[in-house]
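A short worksheet on the structure shown next.
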Amino acid sequence: MQNWRERLRKAMQFSVRNTAVTLGILAATTGLSYVLQVFDKNSNYVSMLFVLAVFLIARMTQGYFYGIAASLGSVLLVNFLFTYPYFRFNFTLSGYPIAILSMLAVSVTTSALTTQAKHSAEIRLEAEREKTRSNLLRAVSHDLRTPLTGILGASSAILENDEQLSREERLSLLRDVRDDAQWLIRMVENLLTITRMDGSNGARVAKSPEAGEEVLETAAVKFRKQFPDWKLTVQAPEEFLLIPMDAVLIGQVLMNLLENAVDHAAGGDQIWLSLERQGDMAVFTVRDNGCGLDVGLLPKIFEGKASAGSSGDRKRNMGIGLSVCNTIIRAHGGTMKAKNAPQGGAVFCFALPLEEKAYE
Amino acid sequence: MNKYYVLVVEDEKNIRSFMQTILTSNGYAVLTARNGEEALMMLSSHCPDLVLLDLGLPDLDGQVFIQRVRQWNQVPILVVSARTHERDKVTALDLGADDYITKPFGTSELLARVRAALRHAAQRSAGQRDGSYVCGGLTVDWEKRRVLLDGKDVHLTQNEYKIVALLAQHAGKVVTYDQLIRHVWGPNVVGDNRILRVNMANIRRKLEHNPAEPQYLFTEIGVGYRMAEGD
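In structure tokens:
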């Protein structure tokens, strides 16, 4: 019973758009038939045109209702307008029931196929999403275990061997605990972002106009607090730029890119963070003076699997951070690139549209 | 010298205990409460000098707590909140909380906020503030309505001066967009903080050597602005 109701509801999906499509196509077909009749009095093709119209309507609307209504409407229209006697209904024509039935068949079959195609596309999309999610979960659980083991080990070492440990050893263990905890927090923030974007359906974000320089400043302040040993140079344009964005998410992208430089730019000690206007885009750039990127990894760097070397070494796994960045930027309607700077070091840049584009 | 009493309201035992350790070892006397009801009782019986409030309490919504306290008590309230709750932070500040600190925070950050909040409370109860604010090369003179940078007069528009003066009065503390807008443009201009941003951008260009690396005016994205603590 429930199932039937559900099916009936799906078959009868009313909307202004569907109604407009149906009426529009029928009107266009009627108009076209009239025009063609000026050139050719023989009106055999009229019913063909209406079959095509019914086919299009069934394809372009949701559910069965509009297709069926259109097929009945078409039969009546052809009868009324294009068959003798004109502007009068004549239900005694031979083959009339067959015309109605064939129109109905066209509409029902097309609607069924359309609905089915839509349904399977939905299933495929859902499966895809499920797969990404479980991949991510697997990668993350693995990544979380390592620092947790470190924290547990170091803290038990201090608790259980208090007397044997020198002050130096104790401090070094505590520093490890702090670093691991800091890393865990970053990881969890990225995970929170992912769930937040999932919730907002199709990774659409809530944007509000933010001052570009304020976003840079906030990221720089946070970074300097966490990594006082790194030299960070920030440059914003003289022009005041208001950029539509979710500032928390973009701040996180910048933090991920800066931290990524700290983790992976071997031999580096300096980062340049800048913002400039290029046409109708605001371009953020993070450049370091480290060892640069492995060119072989570049094509897949944002896919969340670019983990170089042995899987046991978490420091080398830059996958999740960068793929989160990419997801965030794409959800903003922007683009993201990674390359090596001519003077050496890695460059990550992303561009955000300055004007809010109207969706759909 | 008498110690300042700080009331820590936090339901997580570990966080409560580390805040207590930090504060005690820096010369504060610490009271703790595990939930809102307990905190309200402690407030009326012990009259602490400062409240550190976690917004996610088990029994009472943090916002409700602030409203209730503010009905009869002007004790400074420092809100502790997680990153994901920007809205809550702003609401808490507009309801009368004095400042906020985002989890996770470091020791020095916590102590700086506590110091700033206590100093503001002391100034407020004395009903008197110094005639000027000085921080590095920046001086804001309220009496003469002048702003000096490295000894030179800075020409600010009327509204720009109002913004700088308010931030300087609350130096070290965050001032929300709403508080600034109400102060400068009056209570009837609501919603759009674009005009405030533009004013801030102009101020930044007049007061900061590199607007992207400010020394005096700091942005708290989504919340408001904070001026560096005075010397």
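Going down the list, the sequences are from chains A and B.
Position 241 of the first sequence, counting from 1, maps to 241 under my numbering, and the rest follow consecutively.
Position 113 of the second sequence, counting from 1, maps to 1113 under my numbering, and the rest follow consecutively.
Where is the CB? At the ideal position from N, CA and C, for every residue including glycine.
Nearest Cα to A:C349 within the set A:L241, A:Y86, A:L76, A:E276: A:E276.
A Cβ-Cβ contact shorter than 8 Å links A:V262 with A:F227. Interface residue (Cβ-Cβ distance to chain A less than 8 Å): B:I1181 is not classified as such. Interface flag for A:Q235 against chain B is set, since a Cβ pair is found closer than 8 Å. Sequence-ordered contacts of the region 247-258 of chain A with chain B read A247, V248, G251 [C-beta pairs closer than 8 Å]. When secondary structure is reduced to three states using DSSP, B:G1027 falls in the coil class, being assigned neither helix nor strand.
With contacts defined as CB atoms closer than 8 Å, B:G1096 and B:A1171 fail to qualify as a contacting pair.
Counting the other CB atoms within 10 Å of its CB gives A:W183 a total of 16 or more, which places it among the buried residues. Secondary structure of A:G345 (DSSP, three-state): coil. Between A:L258 and A:I271, the beta carbon gap of about 6 Å places them in contact (Cβ cut-off 8 Å). Between the region 129-146 of chain A and the region 85-94 of chain A there are fewer than three inter-stretch CB-CB distances shorter than 8 Å, so the stretches are not counted as touching. Linking A:L72 to A:I123 through their CA atoms gives a straight-line distance of about 33 Å.
Proximity of A:L144 to chain B, defined by a Cβ-Cβ separation below 8 Å, is not satisfied.
Under the three-pair Cβ rule at 8 Å, the region 1110-1126 of chain B counts as touching the region 1170-1184 of chain B.
In the structure shown, the three-state DSSP call for B:G1224 is strand.
Contiguous beta strand (DSSP E) elements confined to the region 167-209 of chain A do not occur, taking only those with 3 or more residues. For A:D263, the uninterrupted alpha helix (DSSP H) segment begins and ends at 247-264. For A:V324, same chain residues with a beta-carbon under 7 Å away, outside a window of 5 residues either side, are N190, T193, I194, N256 in chain order. If you look at A:I301, you'll find it isn't in any alpha helix (DSSP H); DSSP assigns it neither H nor E. Per DSSP, A:K225 has no beta bridge partner at all. The three-state reading of DSSP puts B:N1159 in helix, counting H, G and I together. Contacts with chain B at 8 Å (Cβ-Cβ) include A:V221. DSSP places B:Y1005 in the strand class (E or B) of the three-state scheme. A:G67 is positioned such that its CB atom lies no closer than 8 Å to that of A:V75. With the criterion set as a beta carbon lying under 7 Å from some beta carbon of chain B, the region 41-56 of chain A has no members that meet it.
Of all residues in the region 1195-1215 of chain B, the ones placed with a Cβ closer than 9 Å to any Cβ belonging to chain A are R1197, V1198, M1200, A1201, N1202, R1204, R1205, N1210, P1211, A1212, E1213, P1214, in chain order.
The alpha-carbon separation between A:L101 and A:A282 amounts to approximately 59 Å.
By the beta-carbon neighbour count (other beta carbons within 10 angstroms, threshold 16), B:D1054 is buried.
With distances taken between CA atoms, A:V140 lies nearest to A:M187 out of A:M187, A:L165, A:A105. Shortest Cα-Cα distance from B:L1148 to any of B:S1025, B:Q1179, B:L1043, B:L1207 involves B:L1207.
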